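What follows is a single structure, written as structure tokens, with notes after it.
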Amino acid sequence: MSSQIAGVLQLTVLIAALGLAYRPLGDYMAKVYSSEKHYAPEKWIYKAIGANPAAEMRWPAYLRGVLAFSAVSVLFLYLMQRVQGSLPGSLGFSSIDPDQAFNTAASFVANTNWQSYYGEQAMGHVVQTGGLAVQNFVSAAVGMAVAVALVRGFARSRSGELGNFWADLVRGTVRILLPISVIGAIVLVACGAIQNFSGIHQVGQFMGGTQEWNGGAVASQEAIKELGTNGGGYFNANSAHPFENPNPLSNLFEIFLILLIPFALTRTFGRMVGSLKQGYAILGTMAVIWVGFVALMMWTEFAHRGPAFEIAGGAMEGKETRFGIAGSSLFAVSTTLTSTGAVNSFHSSYTGFGGGITMLGMQLGEIAPGGVGSGLYGMLIMAIIAVFIAGLMVGRTPEYLGKKIGTRQIKFAACYILITPALVLGFTAVAMALPTPGNSMTNTGAHGFSEILYAYTSGANNNGSAFAGLNADTQWFNTTIGIAMLLGRFLPMVFVLALAGSLAEQKPVPETAGTLRTDKPLYAGLLVGTILIITGLTYFPALALGPLAEGLAS
């Protein structure tokens, strides 16, 4: 069997598995977020934090809950790292330096999971499981809560109420993320991933020295790392490490976990707004972009250019032989089109165009299907922009799901789509202009520029993957990427929740003969075009200086 055919078969199996899970999981999540029942463990949590889960919140109160919880989480995780040397189970590792502790705390709370450290050489068991793994759950639950709040904005009328943040946070964690992660961890252990609290032990000699490895609760963290579109690995090699991702079966299962909730949330959306067709339209838009990117990546990496590529069967540099080009390409596209950031190969070693595809996937806003929660609300923002453009074309007041898209709504949407490019391009420009950041680049020219552009694209879009080759463990990069991650996560949420509140206050507009049908393929095509055009106009000059220049020169 050729590698290309194997890639097509993997893609087919993955789509079939996602299709089987789509309806039951989507309907289940809709029930979770619509239920008025509170389970006993949830009541204990509400009592412990002093929250009233039955109290409805308008958007400012909902936002205060998001920001307050996240701020406390950053502080808690920062302090845990700073005192690691005094904690039990630290494996003898010292406390983390202030700039790296800030970067890591911001990274995991923002659901970015950018790592400028070697996990197996820096973090002990307590920080890994009690700090980082906990944030893998709750940061994902925060994104889901904000997405559900926006959906309620479309579904409700003349109230301005978006639900209760604390109830959404707890339910998302306890009823959705936790049970699926338990099942996922069991599957990964069965595939060969490790799960223990072993200390550091010698495993042999390596290049004249002693080679040592430490164990850890890897499978359990790997499950929520992928399911919650987090991406932070227990080991520096991330999902290329055999302890995290042992074989092609575990590789395909991890990709399945990455895509599972983001795709299923489109059915949750359709169910909650009372129109499954609207959910299918969003699903179709996401699927077209994702499949298109996968096909383009495989074509780019399989293309034979020169004898080395012909012998290897494609661009095998930086890829694990146990996954091959197909498994690596599928993983790379899935992780950069979501906000996962996990890697099973090194994106810096991809072809010039292949590296550009990974960057472009993040620059779309990671909305196809995007992160857990963030992908849905990002796509709905783009849906509003597309409706607005269509309204301008025909001279009608734009409407979406029975809500008028007026000046206030389009301002919120415009601010949302401008924040991330401003952070990416602004920080990249400053880093390239100053002498110190440039010293961290391993490469010069177009590839060196791509290293910097990728780093800030990954941070501001809350992805977390790295282009490799860049020494990001410096005060400059730890601080600026940390700031980019926090602003890139929480500033857009401000406008999402403000938009949700303005929509929930409206009275539904009855559908007429002139209403644009947003549940048809024509609109889905318009939405795809809108996404690609907005991204292209924003990032094309930067991409031309980096991966496009490198690809054309090779």
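Residue numbers (the working numbering): 635 to 1188.
We treat Cβ as the ideally placed atom computed from N, Cα and C, and that holds for glycine.
Keep in mind the model is a prediction, meaning the values are calculated, not measured.
CB-CB length for residue i against residue j, believed under 8 Å
i	j	result
valine 780	methionine 1127	5 Å
phenylalanine 915	aspartate 1153	Rather than phenylalanine, the amino acid found at residue 915 in this sequence is alanine. The pair is a contact, with the Cβ atoms about 5 Å apart (cut-off 8 Å).
alanine 735	glutamine 715	4 Å
leucine 1133	leucine 784	7 Å
alanine 827	glutamate 795	Actually they are not in contact, since the Cβ atoms of alanine 827 and glutamate 795 sit about 43 Å apart, beyond 8 Å.
phenylalanine 1046	threonine 1114	Incorrect: roughly 27 Å between the Cβ atoms, too far for contact.
isoleucine 892	serine 968	5 Å
methionine 996	serine 1092	6 Å
C-alpha distance - residue i paired with residue j, whole-angstrom precision
i	j	result
isoleucine 895	proline 1069	42 Å
leucine 910	threonine 985	40 Å
glycine 1072	glycine 1082	9 Å
tyrosine 1271	leucine 971	The chain is shown from 635 up to 1188; residue 1271 falls before or after that span and cannot be answered.
glutamine 755	valine 1162	43 Å
glycine 918	serine 728	49 Å
glycine 641	threonine 992	18 Å
asparagine 606	valine 1064	A question about residue 606 goes unanswered here, because the residues of the chain that appear run from 635 up to 1188.
serine 704	phenylalanine 1124	9 Å
valine 647	leucine 1035	34 Å
isoleucine 1086	methionine 1066	8 Å
glutamine 644	threonine 1076	34 Å
aspartate 1107	asparagine 879	25 Å
isoleucine 858	asparagine 737	21 Å
glutamine 912	histidine 835	54 Å
valine 808	serine 636	43 Å
serine 884	leucine 822	6 Å
isoleucine 810	glycine 1029	43 Å
glycine 1148	arginine 956	55 Å
leucine 1014	serine 1084	30 Å
serine 832	alanine 1187	48 Å
threonine 900	glycine 726	46 Å
serine 750	tyrosine 1088	14 Å
alanine 1183	alanine 1080	6 Å
tyrosine 1090	leucine 1121	12 Å
glutamine 718	alanine 682	26 Å
asparagine 864	alanine 1100	13 Å
alanine 655	glycine 862	16 Å
alanine 874	valine 852	13 Å
lysine 953	serine 963	9 Å
valine 1006	glycine 777	6 Å
alanine 774	alanine 1176	30 Å
isoleucine 730	lysine 671	42 Å
phenylalanine 1022	arginine 1151	13 Å
alanine 1048	glycine 684	36 Å
phenylalanine 936	alanine 960	8 Å
phenylalanine 1111	tyrosine 752	16 Å
leucine 711	glycine 867	17 Å
asparagine 747	proline 1155	36 Å
Cβ neighbour criterion (16 or more within 10 Å) applied to residue i
i	result
isoleucine 639	exposed
glutamate 1145	exposed
phenylalanine 1174	exposed
phenylalanine 887	buried
threonine 1033	Residue 1033 is actually glutamate in this sequence, not threonine. With 16 or more Cβ atoms within 10 Å of its Cβ, glutamate 1033 is classed as buried.
methionine 1027	exposed
serine 854	buried
tryptophan 678	exposed
glycine 601	Since the first residue of the chain shown is 635 and the last is 1188, residue 601 is not available in this structure.
phenylalanine 965	buried
lysine 665	exposed
asparagine 872	buried
leucine 709	exposed
tyrosine 1011	buried
tyrosine 673	exposed
glutamate 846	exposed
arginine 905	buried
tryptophan 693	buried
valine 907	buried
alanine 819	buried
threonine 844	exposed
Check: residue i C-beta below 7 Å from any heavy atom of the ligand GDP
i	result
valine 967	The model depicted lacks the ligand GDP and carries no ligand whatsoever.
Review point. Is the segment 792-811 in contact with the segment 684-701, if contact means three or more CB pairs nearer than 8 Å?
Key: yes
Point to revise | alpha helix (DSSP H) runs wholly inside the segment 797-832, at least 4 long, in chain order | key: 799-805, 812-825
Practice item. Mind the definition here: the segment 1092-1103 touches the segment 1051-1066 only if three or more C-beta pairs lie below 8 Å; say whether that holds. Key: They touch, by the three-pair rule.
Practice item. For the segment 650-670 and the segment 977-984, state whether three or more C-beta atom pairs, one from each stretch, are separated by less than 8 Å. Key: no
Review point. Okay, do the segment 925-932 and the segment 683-695 touch, 3+ Cβ pairs below 8 Å being the bar?
Key: Contact between the segment 925-932 and the segment 683-695 is absent, because fewer than three Cβ pairs lie under 8 Å.
Check your understanding: Should the segment 788-799 be called in touch with the segment 1133-1141, which here means at least 3 C-beta pairs below 8 Å?
Key -> yes
Exercise for review: Go through the segment 651-717 residue by residue and report every complete run of the alpha helix (DSSP H) that reaches 4 residues or more, in order.
Suggested key: 674-683, 693-716
Point to revise | Segment contact flag, the segment 1164-1180 with the segment 989-1006, C-beta cutoff 8 Å, min 3 pairs | key: yes
**Study point:** Whole alpha helix (DSSP H) elements within the segment 890-927, 4-residue minimum
**Key:** none
Review point. Whole alpha helix (DSSP H) runs in the segment 714-751 with 4 or more residues, listed along the chain?
Key: 732-743
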